[in-house]
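Peer 1: Below are the structure tokens for one structure; questions will follow.
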Amino acid sequence: MAQKNALGKGLGAIFPDLLNNLDQKAPSSTCGIEELRPNRFQPRKTFNDEEQKKLVASIKTTGIIQPLIVRKAEKGYEIIAGERRWRAAQAAGLKDVPIVIREATDRDVAEMSLIENLQREELNPLEEADAYVTLTENFSLSQEEISTRVGKDRSTIANTIRLLKLPARVKSALISKKISAGHARCLLACSTTDEQLTALEAIIKKDLNVRATERLVHSLKQRPGSTKHPTKDRFLGDLEKAMSRQLMAKVQIKGTPQKGSIEIRYNSMDELNRLSGLILDDLK
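Quick note: the sequence shown uses our numbering, first residue -16, plus one each step.
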């Protein structure tokens, strides 16, 4: 599938009412540093990297050229876009910063924060995954809808979210850039946490590339005693397919014909309402 080009259009193309023609629609003003508060939907958690230090040095020399986009809050303003500049301005000792005030919903703010960071390539993979989960759980956006907004394939969104399932040590190595997102995705194929940690040590110690990591994970899964996923009962497999067709949703049956659970996937509030209506109507 071809890569979508939403990110290449810039924030102004995705949120024209908020960002286009800033100088024509609403002249910027200034406000005190203390009047601003961070965006609660900000996906980025780390602001102390080398790029941030360079930004602080630049602001000390030239000040802030591009205004921060904000919305009114109960007290002061909440930052929509430009939190890096705000933090750098604090570190540089500025007392006031330029702002442009916009009206924006919580979902607008969450989406813009994610897209701004993706455009600047400032998020680590786990921060990106957390942002996708926020859009899914808090605002009922499906992965397909997120894909359209951020300009990435739906499979890429799904694979990024799966990184949140990794154990803490692997996540730490990913954040500190000891391994890449490609390495981390390979580790998801391991059968157990022990296998993941064994593979992690080998990746770091031997400086393995992603292709070598794939071979390592495959060999670990072939070792005697390695946990293998049991073959699904044929009856349950056929039943899954029939239920998925009937409900028009992904259905997964876990367990045996004698005992287990049924999981039905949905990706939006509308889909949840549709499925619950079907099930409740059948129970009447």
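All C-beta atoms, glycine included, are put in the ideal place defined by N, C-alpha and C.
1. What is the rounded straight-line gap between the Cα of P240 and the Cα of A232?
2. With DSSP as the reference, identify every bridge partner of G15, one or two as the case may be.
3. Reducing DSSP to helix, strand and coil, say where G46 ends up.
4. Nearest CA to the CA of H201: which residue from T181, K78, K189 and A75?
5. Could you tell me the boundaries of the beta strand (DSSP E) in which R248 lies?
6. In whole angstroms, give me the CA-to-CA distance for S138 and K36.
7. Check whether chain B comes within 7 Å of R228, counting only Cβ atoms and requiring the distance to be less than that.
8. Are the CB atoms of L106 and R168 nearer to each other than 7 Å?
9. Could you spell out the range, first to last residue, of the beta strand (DSSP E) harbouring G238?
10. My output table needs one value for K58: the three-state DSSP class, helix, strand or coil.
11. So the candidates are R145, I98 and S123; which of them puts its Cα closest to the Cα of K135?
12. Check G65 in the structure and name its three-state DSSP category.
13. So, is G243 buried or exposed, given that buried needs 16 or more other C-beta atoms within 10 angstroms?
14. Give me the Cβ distance between P21 and L51, rounded to the nearest whole Å; I'm assuming they're in contact under 8 Å.
15. Runs of 3 residues minimum, wholly inside the region 126 to 180: which ones carry the beta strand (DSSP E) assignment?
16. Mark A112 as exposed unless 16 or more other C-beta atoms lie within 10 angstroms of its C-beta, in which case mark it buried.
17. Take Y115 and list the residues in its own chain whose beta-carbon comes closer than 7 Å to its own, dropping the five residues that flank it on each side.
18. What are the residues that DSSP puts in a beta bridge with L51?
19. Starting from G243, follow its DSSP beta bridges and name the residues at the other end.
20. In the DSSP assignment, find the alpha helix (DSSP H) that holds K224 and state where it starts and stops.
21. Classify K8 as buried or exposed, calling it buried when 16 or more other Cβ atoms lie within 10 Å of its own Cβ.
22. Could you pull the DSSP bridge partners for R20 from this structure?
23. On the CB-based measure, 16 or more other CB atoms within 10 Å of its CB, does L263 come out buried or exposed?
24. With a 10 Å radius around its C-beta and 16 neighbouring C-beta atoms as the bar for buried, classify N100 as buried or exposed.
25. To the nearest angstrom, how far is the alpha carbon of K224 from that of D32?
26. Pick out whichever of R90, T88, I186 and L19 has its Cα sitting closest to the Cα of G65.
27. On a Cα-Cα basis, can you pick out the residue from P108, L170 and R90 that is closest to K160?
Peer 2: So, from the listed chains and residues:
1. 21 Å
2. D79
3. coil
4. T181
5. Premise fails: R248 is in no beta strand (DSSP E) and is neither H nor E.
6. 35 Å
7. Reference to chain B is not applicable here, since this structure consists of a single protein chain.
8. no
9. V234 to G238
10. coil
11. I98
12. coil
13. exposed
14. Actually they do not touch by this definition, with Cβ atoms about 11 Å apart.
15. none
16. buried
17. I129, I140, T143 and I144
18. I82
19. G238
20. R217 to L230
21. In this predicted model, K8 has a pLDDT of only 47, less than 50, meaning its place in the structure is not dependable; the value taken from the coordinates is given anyway. Exposed.
22. E61
23. exposed
24. buried
25. 49 Å
26. L19
27. P108
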